[in-house]
Each structure stands twice: as structure tokens, then as C-alpha cells.
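Take a look at the structure below.
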Amino acid sequence: MTPDQALLVIQDWARFPHAIHFTPHAVQRMRQRYVKKSDVLHALRNADSCEPAVQGRWKVTGPDEDADDLTVIVFFDFDLLVITVY
Amino acid sequence: MTASRPEPRAHCPLCKSRKIKRGTFTDSQTIAGVRFTAEVPADVCGACGESFVWINDVGDFETAVARQLALRSVCVGEAFKYMRKTLSLRAVDLAELFGVTPETISHWENGKPDALAFTLLGSMVLEYIEGQESIRERLRALRNPVAPRTKPVRLTPISARSEVHPAKQLDVTAQPAKPKKRSRSAA
Numbered sequence: 001m002t003p004d005q006a007l008l009v010i011q012d013w014a015r016f017p018h019a020i021h022f023t024p025h026a027v028q029r030m031r032q033r034y035v036k037k038s039d040v041l042h043a044l045r046n047a048d049s050c051e052p053a054v055q056g057r058w059k060v061t062g063p064d065e066d067a068d069d070l071t072v073i074v075f076f077d078f079d080l081l082v083i084t085v086y
Numbered sequence: 087m088t089a090s091r092p093e094p095r096a097h098c099p100l101c102k103s104r105k106i107k108r109g110t111f112t113d114s115q116t117i118a119g120v121r122f123t124a125e126v127p128a129d130v131c132g133a134c135g136e137s138f139v140w141i142n143d144v145g146d147f148e149t150a151v152a153r154q155l156a157l158r159s160v161c162v163g164e165a166f167k168y169m170r171k172t173l174s175l176r177a178v179d180l181a182e183l184f185g186v187t188p189e190t191i192s193h194w195e196n197g198k199p200d201a202l203a204f205t206l207l208g209s210m211v212l213e214y215i216e217g218q219e220s221i222r223e224r225l226r227a228l229r230n231p232v233a234p235r236t237k238p239v240r241l242t243p244i245s246a247r248s249e250v251h252p253a254k255q256l257d258v259t260a261q262p263a264k265p266k267k268r269s270r271s272a273a
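Residue numbers (my numbering), protein chains in the order written: chain V, 1 to 86; chain Z, 87 to 273.
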């Protein structure tokens with residue numbers, strides 16, 4: 001799968017977020033950085049960059065609700081898993 | 087806001103094991119020196135031990151914390167920003183609703199908020215949890231006045247809401263936060 005294809009799939013998941021899960025590590029990072037669920041969804045929906053990362057993961061960068069850049073590492077197969085945010 | 091919980095995952099996306107069971111995860115957030123914690127539902131892999139927290143549970147915890155901030159009147163900039171973001175309001179949109187400049191909102195969020203503005207925002211959070219937005223609508227109407235209606239207004243009885251928002255059911259505890267330890271940052 002190319003990064004462009006992956007980005008489209010990820011943006012689709014973010015538009016219908018019922019099947020998105022977070023690892024505890026991602027949740028902890030969000031709490032530390034005051035990043036909210038809505039920021040993650042906003043960044044994924046409006047992502048402008050998607051690069052392959054290790055172990056089949058994708059590094060997606062987009063603006064949060066306050067237009068600050070947010071990077072989200074995700075993994076998807078049957079649903080979308082947020083691994084971490086920064 | 088209260089979509090039904092999906093079935094437990096068929097397999098762990100990390101180790102591919104099918105030993106997935108229901109469990110919990112201790113979520114916590116520190117705002118203005120107060121640490122809020124709650125046990126939120128999670129799917130747990132019996133093989134690798136990794137947990138998976140459903141997006142709505144992540145959001146419900148955030149809403150529960152915002153509710154506590156509103157109820158406790160934690161009138162500090164950090165709490166103000168947290169409550170604004172819970173409502174998914176951009177600073178510029180809130181500024182428009184409150185009739186102030188975005189710079190004023192930034193000033194409040196980075197320092198001491200205006201007490202009345204804090205109370206109003208807190209009321210909007212509490213209303214949001216009840217599934218209502220009347221304060222927001224009234225503020226909008228104040229900012230965009232329209233000609234008064236000349237036709238009579240038909241009133242309908244208010245029906246009691248039976249649905250309770252999960253944010254009100256989450257048992258959130260609050261305690262003074264421990265001083266931060268120095269630690270290396272990790273992605």
C-alpha cells in the first residue's frame with residue numbers, strides 16, 4: 001500500500017470513528033500533552049502527510065483543532081489503532 | 087455521543103493472539119495541580135498484555151474531567167482551555183460567542199480567566215453533557231440578532247431525558263497531583 005492510499009484509508013477511519021482504539025501509551029501521551037480525542041480525529045481527517053513507520057505502522061501528521069501540528073502513529077487492519085501521539 | 091460499545095476485538099493487532107478479554111485501564115489527567123483518575127473499560131490481550139481503549143471511552147473520560155472542572159469551579163487558564171476543547175470550540179469561535187477577541191481567550195487560557203466567562207463556559211460544558219446547547223444558541227442569537235417573530239410561539243412540554251451521559255456515571259476521583267519527576271521524553 002502506498003502512503004497516499006494509506007492516508008485515504010486512515011482519513012476514512014477518522015470520518016467514521018466508531019472502530020478506533022487507543023493503546024494506553026497513546027492515552028497517557030495525550031493526557032501529558034493535553035491532546036484530546038477531538039484533536040486526534042481532526043489531525044487524522046485533515047492530515048497532509050503520511051509516511052510508513054516500523055512494524056506496518058503509519059506516521060500521520062495533520063493539524064489539531066487549534067491548527068497546531070500533531071503527529072499520530074497508527075496501525076490498521078480490521079480497525080484503526082492509535083499507537084502514540086506527539 | 088452514546089454509541090453502543092463494539093464487540094471485543096477478534097484478535098490482538100500486535101501479537102495476533104485471539105485471547106482478548108474485557109478489562110479496565112486507569113486513565114488519569116492532571117489539571118491545575120489536581121489529578122483526576124477513573125477506571126475506563128478496555129479490551130486486554132491475554133497473551134501480550136496490551137490494552138485497547140475504545141475512542142468513546144477516551145472521550146467520555148475527557149468529558150468527565152471537564153464536568154468536574156466546571157462543578158469545582160477550578161478557575162484557572164488550564165481548566166478553561168480544557169473545557170473549551172471538550173466542547174470542540176476553537177478559540178476564535180469561543181471569542182465570537184463571548185464577544186471578545188481571540189487574544190482575550192488566549193490571555194485567559196495562559197493566565198487567570200475572567201470568572202464570569204469561566205462560569206459561562208462551565209455551564210456550557212454541563213449543558214453539553216445533558217445533550218443541550220441552549221446557552222450556545224442564545225449566545226449565537228445575541229451576536230446575530232434577527233427581527234422578532236410576529237407569529238405566536240407554540241410551546242411543547244419538556245420531556246424527561248432517560249439517557250444518562252457516561253461522563254456522569256464515571257467514578258472520577260480527584261486528588262492533589264504529585265510533583266513531576268524529571269524523565270526523558272519518549273514518543
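Just so it is clear, CB atoms sit at the ideal spot from N, CA and C, and this is done for glycine as well.
Note that the structure is predicted; figures quoted are calculated from it, not measured.
Closer than 8 Å to chain Z by CB, residue i
| i | result |
| --- | --- |
| V:Val54 | no |
| V:Ala19 | yes |
| V:Leu7 | no |
| V:Phe75 | yes |
| V:Glu65 | yes |
| V:Thr23 | yes |
| V:Val27 | yes |
| V:Arg31 | yes |
| V:Leu70 | no |
| V:Leu81 | yes |
| V:Ser49 | no |
| V:Phe140 | Since the first and last residues shown for chain V are 1 and 86, residue 140 of chain V lies out of range. |
Residue(s) in a DSSP beta bridge with residue i
| i | result |
| --- | --- |
| V:His21 | V:Leu81, Z:Trp140 |
| V:Trp58 | V:Pro52, V:Val74 |
| Z:Thr123 | Z:Ser114, Z:Thr259 |
| Z:Val130 | Z:Lys107, Z:Ser137 |
| V:Asp69 | V:Pro63 |
Residue range of the unbroken alpha helix (DSSP H) whose run includes residue i
| i | result |
| --- | --- |
| Z:Glu189 | 188 to 195 |
| Z:Gly208 | 201 to 215 |
| Z:Asp179 | 177 to 184 |
| V:Pro3 | 3 to 15 |
| Z:Val162 | Taken as a continuous stretch (DSSP letters only), Z:Val162 belongs to no alpha helix (DSSP H), as it is neither H nor E. |
| Z:His97 | Looking at the DSSP string, Z:His97 is not in any alpha helix (DSSP H), and its letter there is neither H nor E. |
| Z:Glu223 | 220 to 229 |
Endpoints, beta strand (DSSP E) assigned at residue i
| i | result |
| --- | --- |
| Z:Pro262 | 259 to 262 |
| Z:Lys105 | Z:Lys105 -> no beta strand (DSSP E), and no H or E assigned at all. |
Length of the line joining the Cα atoms of residue i and residue j
| i | j | result |
| --- | --- | --- |
| V:Leu80 | V:Val35 | 18 Å |
| Z:Ala178 | Z:Cys134 | The amino acid at residue 178 of chain Z is misidentified as Ala; the sequence shows Val. Going by the C-alpha atoms only, they are around 45 Å apart. |
| Z:Gly163 | Z:Asn196 | 5 Å |
| Z:Ala233 | Z:Leu225 | 16 Å |
| Z:Thr116 | V:Arg31 | 8 Å |
| Z:Thr259 | Z:Gly119 | 13 Å |
| Z:Leu127 | Z:Thr110 | Reading the sequence as shown, one finds Pro at residue 127 of chain Z and not Leu. Taking the straight line from one Cα to the other gives about 4 Å. |
| Z:Asp113 | V:His21 | 14 Å |
| Z:Ala274 | Z:Arg170 | This structure does not reach residue 274 of chain Z, given that chain Z is present from 87 up to 273, and the question cannot be answered. |
| Z:Leu241 | Z:Leu100 | 56 Å |
| Z:Arg121 | V:Trp58 | 32 Å |
| Z:Thr172 | V:Asp39 | 10 Å |
| V:Asp64 | V:Val85 | 11 Å |
| V:Val9 | V:Ala43 | 14 Å |
| V:Met1 | Z:Val144 | 29 Å |
Proximity test, Cβ basis, 8 Å: residue i and chain V
| i | result |
| --- | --- |
| Z:Pro252 | no |
| Z:Val120 | no |
| Z:Ala263 | no |
| Z:Leu256 | no |
| Z:Ile141 | yes |
| Z:Ser192 | no |
| Z:Arg176 | yes |
| Z:Gly217 | no |
| Z:Gly132 | no |
| Z:Met87 | Its pLDDT being 47, under 50, Z:Met87 is placed unreliably by the model, and the measurement read from it follows with that caveat. Z:Met87 does not count as touching chain V. |
| Z:Ala273 | In this predicted model, Z:Ala273 has a pLDDT of only 44, less than 50, meaning its place in the structure is not dependable enough to derive any value. |
| Z:Phe166 | no |
| Z:Asp113 | yes |
| Z:Val144 | yes |
| Z:Phe184 | no |
Does the segment 205 to 217 of chain Z come close enough to the segment 148 to 163 of chain Z to have 3 or more Cβ pairs within less than 8 Å? The segment 205 to 217 of chain Z is in contact with the segment 148 to 163 of chain Z.
If contact is defined by three or more beta carbon pairs under 8 Å, each pair taking one atom from either stretch, is the segment 66 to 74 of chain V in contact with the segment 191 to 207 of chain Z? No, they do not touch.
Using a Cβ distance threshold of 8 Å, determine whether the segment 135 to 144 of chain Z contacts the segment 2 to 22 of chain V, with at least three qualifying pairs required. Contact between the segment 135 to 144 of chain Z and the segment 2 to 22 of chain V is present, because at least three Cβ pairs lie under 8 Å.
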